[in-house]
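**Q**
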Amino acid sequence: MHSLGVKCNEFAFPSVFKACTLTNDFRLGKQVHGTVVVTGFENDEFVLNSMVVLYAKCGEIADSTRIFDAIPRRTVVSWNALLNCYVQLFNVIPEKDLIAWNAVISGHSHNGEDVEAVSLFPLMYGEGVGVNQTTLSTVLKSIASLQASHICRQMHALSLKSGFEYNNYIVNGLVDAYGKCGQSEDASRVFKESQTSDLLAFTSMITVYSQDGQGEEALKLYLEMQSQGIKPDAFVYSSLFNACASLSAYEQAKQVHVQVLKLGFIIDIFAGNSLVNSYAKCGSIDDAERAFREIPERSIVSWSAMIGGMAQHGHGRLALQMFNEMLKEGVAPNHITLVSVLCACNHAGLVTDAKRYFSSMEELFSVQPMEEHYACMIDILGRAGKLDEAMELVNTMPYEANAAVWGALLGAARIHKNVDLGSKAAEMLINLEPEKSGTHILLANIYASAGMWDGVAKIRKVMKDSNVKKEPGMSWMEIKDKVHTFIVGDRSHPRGKEIYAKLEELSEPLRKAGYVPMVETDLHDVEEREKAKLLYHHSEKLAVAFGLIATPPGAPIRVKKNLRICLDCHTAIKLVSKIASREIIVRDINRFHHFRDGLCSCGDYW
DNA sequence: TTAGGGTTAG
Numbered sequence: 002m003h004s005l006g007v008k009c010n011e012f013a014f015p016s017v018f019k020a021c022t023l024t025n026d027f028r029l030g031k032q033v034h035g036t037v038v039v040t041g042f043e044n045d046e047f048v049l050n051s052m053v054v055l056y057a058k059c060g061e062i063a064d065s066t067r068i069f070d071a072i073p074r075r076t077v078v079s080w081n082a083l084l085n086c087y088v089q090l091f092n093v094i095p096e097k098d099l100i101a102w103n104a105v106i107s108g109h110s111h112n113g114e115d116v117e118a119v120s121l122f123p124l125m126y127g128e129g130v131g132v133n134q135t136t137l138s139t140v141l142k143s144i145a146s147l148q149a150s151h152i153c154r155q156m157h158a159l160s161l162k163s164g165f166e167y168n169n170y171i172v173n174g175l176v177d178a179y180g181k182c183g184q185s186e187d188a189s190r191v192f193k194e195s196q197t198s199d200l201l202a203f204t205s206m207i208t209v210y211s212q213d214g215q216g217e218e219a220l221k222l223y224l225e226m227q228s229q230g231i232k233p234d235a236f237v238y239s240s241l242f243n244a245c246a247s248l249s250a251y252e253q254a255k256q257v258h259v260q261v262l263k264l265g266f267i268i269d270i271f272a273g274n275s276l277v278n279s280y281a282k283c284g285s286i287d288d289a290e291r292a293f294r295e296i297p298e299r300s301i302v303s304w305s306a307m308i309g310g311m312a313q314h315g316h317g318r319l320a321l322q323m324f325n326e327m328l329k330e331g332v333a334p335n336h337i338t339l340v341s342v343l344c345a346c347n348h349a350g351l352v353t354d355a356k357r358y359f360s361s362m363e364e365l366f367s368v369q370p371m372e373e374h375y376a377c378m379i380d381i382l383g384r385a386g387k388l389d390e391a392m393e394l395v396n397t398m399p400y401e402a403n404a405a406v407w408g409a410l411l412g413a414a415r416i417h418k419n420v421d422l423g424s425k426a427a428e429m430l431i432n433l434e435p436e437k438s439g440t441h442i443l444l445a446n447i448y449a450s451a452g453m454w455d456g457v458a459k460i461r462k463v464m465k466d467s468n469v470k471k472e473p474g475m476s477w478m479e480i481k482d483k484v485h486t487f488i489v490g491d492r493s494h495p496r497g498k499e500i501y502a503k504l505e506e507l508s509e510p511l512r513k514a515g516y517v518p519m520v521e522t523d524l525h526d527v528e529e530r531e532k533a534k535l536l537y538h539h540s541e542k543l544a545v546a547f548g549l550i551a552t553p554p555g556a557p558i559r560v561k562k563n564l565r566i567c568l569d570c571h572t573a574i575k576l577v578s579k580i581a582s583r584e585i586i587v588r589d590i591n592r593f594h595h596f597r598d599g600l601c602s603c604g605d606y607w
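Numbering (my numbering), first residue to last: 2 to 607.
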């Protein structure tokens with residue numbers, strides 16, 4: 002082709018390099034390299050990646066590395082080629098020094114080969130070449146990816162022994178690794194004891210808090226960082242938005258958003274994606290969509306966050322429209338996007354669409370259905386009352402039914418009052434997750450709705466005997482930048498008297514609108530009258546009452562709850578939204594409920 | 001010569 006005088010473009014070069022590599026024709030490969038330079042394609046990343054492989058295979062490690070370093074986005078193939086080259090070279094070095102060991106360990110770590118990186122460390126240590134901060138921080142990063150908390154502790158001890166207590170790289174590495182291993186207390190201890198004022202260490206610690214659900218701690222640390230005069234960058238903000246998301250702190254998210262705009266970090270894709278997620282989780286899907294539209298180059302994560310947000314808000318059809326818009330833009334969905342798409346169908350009751358997506362996802366999008374997709378599909382079928390179809394899928398799927406699947410079946414059994422399926426699913430769940438009290442409660446609900454009071458009594462006894470405590474329901478409501486917490490029957494709030502007075506004031510119009518307390522499914526071992534009182538003072542009702550007295554008339558009220566919203570509160574809040582002419586948004590553990598004018602966006606289907 | 005922090009679901 003070349004000798005015929007036909008010009009080669011950037012699409013042809015990678016194939017030519019690949020052919021040279023496969024046939025070991027390095028002389029020709031180098032000639033082609035010359036042509037690349039002449040034709041001006043030496044900056045094309047596909048061309049460069051294929052050259053890295055060529056030079057690595059012919060053992061010219063220096064050239065391979067030089068080209069590799071210049072590529073902005075490296076492919077797995079070029080990583081592997083260069084790494085193999087280093088490993089081979091490394092193996093023939095008789096006396097390996099510290100730098101050689103570090104280079105190979107970090108090569109494995111960068112390449113996602115964390116087990117190899119971590120296992121090389123003891124060999125290196127045994128050689129007596131010593132360790133430096135590079136070794137430890139590289140190994141800690143792999144430990145973090147592996148979530149190996151036991152090894153993390155050993156590396157911590159070694160770091161202290163080696164005198165790296167105040168080294169920023171090591172402090173950051175330990176905070177990150179402990180955090181990823183789920184040991185947030187250890188992360189926090191290392192961070193505090195180091196007394197560091199390093200931006201990366203602060204970012205890691207803020208991230209640990211936000212991923213551990215300690216949103217308030219994350220925000221507090223961010224304030225402390227600012228008071229120390231440490232200038233934030235875009236990394237901090239993606240974690241901070243997550244902290245706001247986990248707190249459902251809408252006002253906080255808005256304030257942080259303003260700062261991000263001022264600092265010019267809004268073009269950062271991670272911060273942008275977190276902002277979309279944050280607004281969605283804080284109850285404002287409109288703000289989320291505005292933020293989404295402002296992202297200059299939307300990634301699959303941006304689309305997934307937006308589609309998932311719409312799904313959780315019950316806007317199933319809009320979520321599917323968004324999905325189609327994404328496909329039109331040529332963005333390929335991943336397994337998470339498809340979970341959100343199925344979830345959208347689920348919340349909107351779109352069974353036919355769900356079946357279509359589920360059965361064609363592998364063919365259309367090359368994504369094999371995973372456990373999550375099966376669990377979602379079983380949930381959809383179950384909710385829609387297609388219990389036989391749901392069971393058939395359970396029996397034919399290539400996975401063992403897990404807690405998500407049994408949970409879906411238990412939920413379906415509750416909605417459709419199927420006592421047999423309910424008790425079977427509950428039994429499986431109690432085996433899989435004995436510590437969770439929700440299972441007992443759902444089963445009790447099934448018995449109660451079937452009028453099987455002896456069953457309810459039996460569960461009450463089992464819970465009492467096995468000391469299973471109902472997880473206390475808690476609700477949160479944010480006013481300005483303060484988050485107010487409520488627990489059932491709680492009178493400790495400074496405006497407690499007014500809150501209870503408001504509920505008292507609402508009781509008559511509620512009764513007139515048809516509200517009857519649903520005392521029968523309550524498992525507390527108390528008198529009926531006492532039960533009605535407890536029910537009427539559930540945390541979400543207290544939070545809504547507080548919202549009514551603490552926000553201006555007509556303002557929306559946003560509440561977050563740690564469990565599923567209870568049926569009684571759902572009914573009551575629907576009526577309150579009409580009586581008080583307010584939009585009330587409740588985020589529960591599963592989804593959002595937008596109450597307006599006596600109705601809920603979930604269509605009583607949750 | 002070798003090295004550190006962030007995003008989407010269930």
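Cβ coordinates follow ideal geometry from the N, Cα and C atoms, glycine included.
In the DSSP assignment, find the alpha helix (DSSP H) that holds ARG597 and state where it starts and stops.
**A** Here ARG597 belongs to no alpha helix (DSSP H); instead the beta strand (DSSP E) covers 593-597.
**Q** By a C-beta neighbour count over all protein chains shown, 10 Å radius and 16 as the cutoff for buried, is ALA556 buried or exposed?
**A** That one is exposed.
**Q** Going by beta-carbon coordinates alone, are ARG559 and SER249 separated by less than 8 Å?
**A** Cβ atoms of ARG559 and SER249: closer than 8 Å.
**Q** Could you tell me the alpha carbon to alpha carbon distance between ASP455 and GLY412, rounded to whole angstroms?
**A** Looking at the two C-alpha atoms, the distance is approximately 21 Å.
**Q** Please return the same chain residues whose Cβ sits closer than 7 Å to the Cβ of ILE416, not counting the five positions on each side in sequence.
**A** ARG384
**Q** Under 8 Å between the Cβ atoms of LEU343 and ILE379?
**A** no
**Q** Suppose the cutoff is 6 Å on Cβ atoms and the five residues either side in sequence are ignored; what does the same chain contact list for LEU564 look like?
**A** GLY474, ILE590
**Q** Out of curiosity, what's the CA-to-CA distance linking ALA355 and CYS346?
**A** ALA355 and CYS346: Cα-Cα distance of roughly 6 Å.
**Q** If you draw a straight line from the alpha carbon of ILE268 to that of GLY129, how long is it in whole angstroms?
**A** When rounded, the distance between both Cα atoms is 47 Å.
**Q** How many Å lie between CYS603 and GLY515 at the Cα?
**A** 20 Å
**Q** ALA376 to ALA405, Cα distance in whole Å?
**A** Straight-line Cα distance between these residues: approximately 6 Å.
**Q** Leaving out the 5 sequence neighbours to the left and right, which residues in its chain are closer than 6 Å to ALA235 when beta-carbon positions are compared?
**A** PHE266, ASP269, ALA272
**Q** Quick check: CYS153 and TYR179, are their CB atoms within less than 8 Å of each other?
**A** yes
**Q** Please report the distance separating the alpha-carbon of LYS471 from that of ALA445.
**A** 12 Å
**Q** By a C-beta neighbour count over all protein chains shown, 10 Å radius and 16 as the cutoff for buried, is ASP389 buried or exposed?
**A** exposed
**Q** ALA451: which of SER467, LEU430, ALA414, HIS485 sits nearest, CA to CA?
**A** ALA414
**Q** The alpha helix (DSSP H) spanning TRP407 covers which residue range?
**A** 404-416
**Q** Evaluate contact between the region 565-576 and the region 283-301, counting only Cβ atoms and requiring at least three cross-stretch pairs below 8 Å.
**A** no
**Q** State the Cα-Cα distance for the pair TRP80 and TRP304, rounded to the nearest angstrom.
**A** 29 Å
**Q** Are at least three pairs of beta-carbons, each pair with one atom in the region 96-110 and one in the region 61-72, less than 8 Å apart?
**A** no
**Q** Span of the alpha helix (DSSP H) holding SER239?
**A** Secondary structure note for SER239: its alpha helix (DSSP H) is the uninterrupted segment 235-248.
**Q** Which whole-angstrom value is the C-beta distance of LYS561 and SER476, which I expect to be below 8 Å?
**A** With 8 Å as the limit, LYS561 and SER476 qualify as a contact, their Cβ atoms being about 7 Å apart.
**Q** State the DSSP-derived secondary structure class of LEU564, mapped to helix, strand or coil.
**A** coil
**Q** Looking only at C-alpha atoms, which of MET519, ASP187, GLY315, ALA145 sits nearest to CYS601?
**A** GLY315
**Q** Using the Cβ count rule (16 or more neighbours within 10 Å means buried), how would you classify GLN215?
**A** The residue in question, GLN215, is buried, as its Cβ has 16 or more Cβ neighbours within 10 Å.
**Q** In or out: ASN168 buried (at least 16 other Cβ within 10 Å) or exposed?
**A** buried
**Q** Whole angstroms is fine: what's the gap from ASN274's alpha carbon to VAL302's?
**A** 7 Å
**Q** Considering only the alpha carbon of each residue, which of ALA20, GLN134, GLU363, ALA427 lies closest to TRP407?
**A** The residue with the shortest Cα to Cα distance from TRP407 is ALA427.
**Q** Is it right to say HIS432 is buried, meaning 16 or more other beta carbons lie within 10 angstroms of its own, or is it exposed?
**A** According to the sequence displayed, residue 432 carries Asn and not His. It is exposed - the Cβ of ASN432 has fewer than 16 other Cβ atoms within 10 Å.
**Q** For VAL88, does the count of other Cβ atoms within 10 angstroms reach 16, so buried, or fall short, so exposed?
**A** exposed
**Q** Count the other CB atoms, across all protein chains shown, that sit within 10 Å of the CB of HIS151; report buried if there are 16 or more and exposed otherwise.
**A** exposed
**Q** For GLU529, which residues of its own chain have a beta-carbon under 8 Å away from its beta-carbon, when the five flanking residues on both sides are left out?
**A** VAL520
**Q** Spatial neighbours of ALA551 within its chain, please: CB distance less than 6 Å, with the 5 preceding and 5 following residues excluded, ordered by chain position.
**A** ILE480
**Q** When the distance is taken between beta carbons, is HIS539 closer than 8 Å to VAL489?
**A** yes
**Q** Return the Cβ separation of ILE447 and GLY423 in integer angstroms, given the expectation that the two are a contact with Cβ distance under 8 Å.
**A** Between GLY423 and ILE447 the Cβ distance is about 4 Å, and since that is below 8 Å, they are a contact.
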